[in-house]
Every structure is written in C-alpha cells, then in structure tokens.
Amino acid sequence: KVVVLGSLNVDSILHINHLPKQGETMAMNDTTVAPGGKGANQAVAAKRMGAQTSFIGAVGDDQNGAMMLSALTNDQVDTKHVTVMNGISTGAAYILLEEDGNNTILINGGTNQQLTEAHIEAAREVIENADVLITQFETPMATAIAAFKIAKDAGVLTILNPAPAAANIPGELMMLTDIIIPNETESEIITDIEVTDEASMVASANILQSLGVENVIITVGARGAFYQTTKGHGFVDAFKVNAVDTTAAGDSFIGSLAANLDHDLANLAEAIRVSNKTSSLAVQGAGALPSIPTREQVFTALGK
Ligand code: ADP
4 KVVVLGSLNV DSILHINHLP KQGETMAMND TTVAPGGKGA NQAVAAKRMG AQTSFIGAVG
64 DDQNGAMMLS ALTNDQVDTK HVTVMNGIST GAAYILLEED GNNTILINGG TNQQLTEAHI
124 EAAREVIENA DVLITQFETP MATAIAAFKI AKDAGVLTIL NPAPAAANIP GELMMLTDII
184 IPNETESEII TDIEVTDEAS MVASANILQS LGVENVIITV GARGAFYQTT KGHGFVDAFK
244 VNAVDTTAAG DSFIGSLAAN LDHDLANLAE AIRVSNKTSS LAVQGAGALP SIPTREQVFT
304 ALGK
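Numbers 4 to 307, taken from UniProt numbering, label the letters of the sequence shown in order.
Take a look at the structure:
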C-alpha cells in the first residue's frame with residue numbers, strides 16, 4: 004500500500020515560438036491542458052505498478068478540481084483524503100513551451116498550499132496502514148513533517164522527493180526520511196556538489212546521509228540512477244530509448260519504486276532497474292499521466 008501526500012495541478016501547456024517581451028501581445032501556436040502535479044503523477048505511477056494507492060491532497064470547488072479528482076479516480080487511486088476547498092483555486096501550472104523545447108513554468112499552488120496538519124491528522128489511519136509514504140515540496144513543509152512523523156511511528160517507509168529544489172530542508176524532516184530521491188539539480192542545491200562522476204555522487208550521498216537520511220537515490224536522467232545505503236553504493240544504468248517528452252520521468256521512477264520496494268530494501272538495485280524501465284517507457288510518450296506505463300507493460304518490456 005502506497006500513500007502519496009502531494010500536489011494536484013492542472014497543467015496548461017502553452018506552445019509558443021519564443022517568450023513574449025514585456026507588454027507584448029503574442030499569438031500562441033496551441034494550448035493543451037492535462038492533469039498533472041508531482042503528487043498526482045507519482046500516485047498514478049504507483050497504482051499502475053500495482054500498489055493500492057491513496058492520496059492526501061486538496062483541490063478547489065472548480066472545474067480544475069473536478070478534472071484532478073477524475074484523473075485520480077480513473078486510475079482507481081483512493082481520493083477519500085482529497086479535500087475539496089471552497090473559494091480557493093485548484094493548483095495550476097502554466098508551462099511556456101518554446102519551439103526549441105525550452106520550458107518556463109509558472110505555478111499557482113492554490114489549494115495545494117492550503118493543506119494543514121489537521122488534514123494530515125484526519126488521514127492518520129491511512130498513513131499508519133501504508134507500507135510506503137511519499138511526499139515532495141509542492142505542499143507545505145509542515146504537512147510533510149506531520150505526515151512523516153505518523154509514518155515513522157507506525158514503521159511506514161518514508162520517501163522524500165525534494166522537488167522543486169530547496170536548499171534548506173528542515174533537519175527534522177531529513178531525520179524522518181528513510182529514502183531521499185533527488186535528481187541532479189535537486190541534489191546539487193542541497194549539497195553544493197555538482198553531480199558528475201561516481202565520486203561526486205558518493206560525496207553528495209555522504210552529505211545527504213550526514214543530514215540524517217540513511218538511504219539516497221540520485222536520478223541522473225538518461226544515465227540512470229545512483230544509490231547509496233548504509234551497506235554500500237551502486238549505479239543502475241538507464242535503458243537506452245528515444246525520449247520524446249521527459250515530463251514525469253522522475254515522478255514515474257518514484258511511484259514505481261514505492262510500489263516495488265521491499266521494506267528492508269533488500270531488493271533495492273532490482274527495484275531501481277524496474278523503475279528505470281518504467282521511466283524509460285514514460286519518456287517515450289507525450290504528456291505526464293498518459294505515458295506512465297502499467298505493471299504489465301513494464302514487466303513485458305523487461306522480458307518477464
Ligand atoms: P527528473 O524528471 O526528476 O528530472 P531524471 O531526469 O533524473 O528525473 O529521470 C528520472 C529517471 O527517468 C532516470 O533515472 C531514468 O531512469 C529515466 N530517464 C530519464 N530520462 C531518460 C532518457 N532520456 N532515457 C531513458 N531513461 C530516462
């Protein structure tokens with residue numbers, strides 16, 4: 004059982020030739036709207052990988068909120084702890100996608116930012132009964148800490164995806180985290196070490212461990228993922244594919260991992276290999292949610 008505490012955002016992708024100048028009125032080439040948000044992507048990935056998955060989050064009493072709720076229920080993610088808030092907009096991301104592939108993103112946190120410790124307390128039972136709890140930084144820090152406290156007390160494995168990147172993560176949260184999963188940029192912002200070769204990954208992981216997290220996975224895009232536990236470290240190569248859209252590469256990796264991991268991490272390297280395969284399939288399709296594969300697709304691709 005996986006629980007995701009996280010964001011629900013409607014993504015509007017604005018297809019433009021180039022960024023407008025201040026004061027300019029400019030035509031767009033196209034607009035596409037789709038359900039997203041790191042929390043939603045990770046939950047759908049975990050569910051498609053076969054885990055019973057529950058969501059803790061919030062939406063507004065608006066069309067975007069309805070879109071996000073149906074995105075979760077279409078994938079049979081439990082939405083009992085998704086609070087509908089009146090008078091506040093559902094989270095939204097505006098992705099300015101230029102012709103050359105460059106992204107500039109504006110986010111209105113909306114209801115995601117209105118979650119409180121009371122909402123976490125209301126979901127205590129579902130957290131206590133989970134195997135794994137995942138969160139990111141698109142909901143308030145206080146909710147992450149409150150949820151991880153409940154999880155730790157109940158022996159639930161906690162996974163922190165420190166995204167969007169943040170420099171000063173509270174020590175309390177680090178101490179409550181079993182596995183931290185940053186990408187290269189997020190790792191660099193926390194540790195001040197540029198992620199290049201394996202030695203730099205070990206050095207970064209050492210710092211993350213010194214901050215109180217026992218287990219570290221650094222995802223390094225098309226290269227794959229590095230891991231370091233108290234028992235040692237290793238690298239799991241990515242699968243070579245033709246990537247068309249890397250949106251949700253990290254999210255599908257994390258959701259898949261949460262669904263596959265043994266509680267004692269005995270199968271960590273193999274679970275990472277399965278996650279690499281999950282993400283390699285996700286980056287070959289357009290969009291976030293539509294391209295996240297099912298367990299069957301992943302294991303068929305692995306030849307199992
Ligand atoms: P994020 O999306 O958070 O930036 P990464 O770019 O590190 O995360 O990607 C996460 C994982 O997705 C990688 O560890 C890898 O398994 C997979 N992945 C990402 N990009 C590619 C790619 N171009 N080809 C194959 N796998 C990829």
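Where is the CB? At the ideal position from N, CA and C, for every residue including glycine. This one's a predicted model, so the numbers in the text were calculated from it and none came from an experiment.
- Item | Near ligand 1: Gly253 beta-carbon under 7 angstroms from a heavy atom | Indeed, a heavy atom of ligand 1 lies less than 7 angstroms from the Cβ.
- Would you mind sorting Pro173 into buried or exposed? The rule is 16 or more other CB atoms within 10 Å of its CB. That one is exposed.
- Query: Where do the ends of the beta strand (DSSP E) carrying Leu136 lie?
  - Reply: First-last of the beta strand (DSSP E) with Leu136: 135 to 138.
- Message: For Glu175, report the span of its alpha helix (DSSP H) as first-last.
- Response: DSSP places Glu175 in the uninterrupted alpha helix (DSSP H) bounded by 174 to 178.
- Task: Would you mind sorting Thr146 into buried or exposed? The rule is 16 or more other CB atoms within 10 Å of its CB.
- Result: Only buried fits Thr146, as 16 or more other CB atoms lie within 10 angstroms of its CB.
- Task: Can you give me the start and stop residues for the beta strand (DSSP E) that Lys83 sits inside?
- Result: Boundaries of the beta strand (DSSP E) around Lys83: 81 to 88.
- Task: Would you mind sorting His122 into buried or exposed? The rule is 16 or more other CB atoms within 10 Å of its CB.
- Result: Classification of His122: buried, given that the 10 Å Cβ count is 16 or more.
- Item | N- and C-terminal bounds of the alpha helix (DSSP H) containing Gln212 | Segment 201 to 213, the alpha helix (DSSP H) holding Gln212.
- Simplified DSSP state of Gly68, which is helix, strand or coil: Note: Gly68 maps to helix in three-state DSSP.
- Message: Please return the same chain residues whose Cβ sits closer than 7 angstroms to the Cβ of Met31, not counting the five positions on each side in sequence.
- Response: So the list reads Leu17, His18, Ile19, once near-sequence residues are dropped.
- Secondary structure at Pro293, three-state DSSP: helix, strand or coil? DSSP places Pro293 in helix when its eight states are reduced to three.
- Rounded to a whole number of angstroms, what is the C-alpha to C-alpha distance between Asp134 and Lys155? In this structure, the straight-line span from the alpha carbon of Asp134 to that of Lys155 is close to 11 angstroms.
- Task: Taking only heavy atoms of ligand 1 into account, decide whether any of them is closer than 7 angstroms to the Cβ of Asn105.
- Result: Not one heavy atom of ligand 1 falls within 7 angstroms of the beta-carbon of Asn105.
- Query: Should Thr199 be listed as close to ligand 1, given that the test is whether its C-beta is under 7 angstroms from any heavy atom?
  - Reply: Distance from the C-beta of Thr199 to the nearest heavy atom of ligand 1 is not below 7 angstroms.
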